[in-house]
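Residue numbers (our numbering): 1131 to 1214.
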Amino acid sequence: MAASYSWDWGPAFPTQGIWKPIGIEAYDKAVLRDVMVDTKPDPKNSSQWVLTVSTYVESASLKQIDTILDISLDDKILVSKQKH
């Protein structure tokens, strides 16, 4: 039993209850949680850049998720990649 030993003996009660914001989420499709883009100058060509894009996708299903990544500039798709 935890106890407090200040000027008098007494029980020390632990902090209880919800102390941070909580929420409930429900979804039936995959959810894109985070996108990280790392940019570095291309060592072979100084006028180009190398982009490394990482994503974190959550799904309640155990099925494989098909994804498509499009990189566009001025409404023109420059790169399109699909992953199964």
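Virtual Cβ for every residue (Gly too), placed ideally from N, Cα, C. Owing to the predicted nature of the structure, the values given are computational and were not obtained by experimental measurement.
Cβ-based neighbour list, residue i, same chain, cut-off 8 Å, excluding 5 preceding and 5 following
i       : result
Val1209 : Leu1199, Asp1200, Ile1201
Asp1196 : Gln1212, Lys1213, His1214
Lys1159 : Ser1189
Thr1187 : Note on residue identity: the sequence assigns Val, not Thr, to residue 1187. Taken in chain order, the residues that qualify are Ala1160, Val1161, Leu1162, Arg1163, Ile1195, Thr1197.
Three-state secondary structure assigned by DSSP to residue i
i       : result
Ser1176 : coil
Gln1212 : strand
Tyr1186 : strand
Leu1071 : Because the chain spans 1131 through 1214 in this model, residue 1071 falls outside it and cannot be assessed.
Pro1171 : strand
Ile1154 : coil
Asp1164 : strand
Supposed contact pair residue j and residue i - C-beta distance, whole angstroms, cut 8 Å
i       : j       : result
Thr1185 : Asp1164 : 7 Å
Trp1179 : Pro1173 : Actually they do not touch by this definition, with Cβ atoms about 11 Å apart.
Nearest neighbour of residue i, chosen from the options [CA to CA]
i       : options                   : result
Leu1162 : Lys1193, Ser1176, Ser1189 : Ser1189
Length of the line joining the Cα atoms of residue i and residue j
i       : j       : result
Ser1177 : Lys1193 : 41 Å
Ile1207 : Tyr1157 : 29 Å
Contacts around residue i, its chain only, beta-carbon distance under 6 Å, and the 5 residues preceding and following it disregarded
i       : result
Asp1168 : Thr1182
Lys1150 : none
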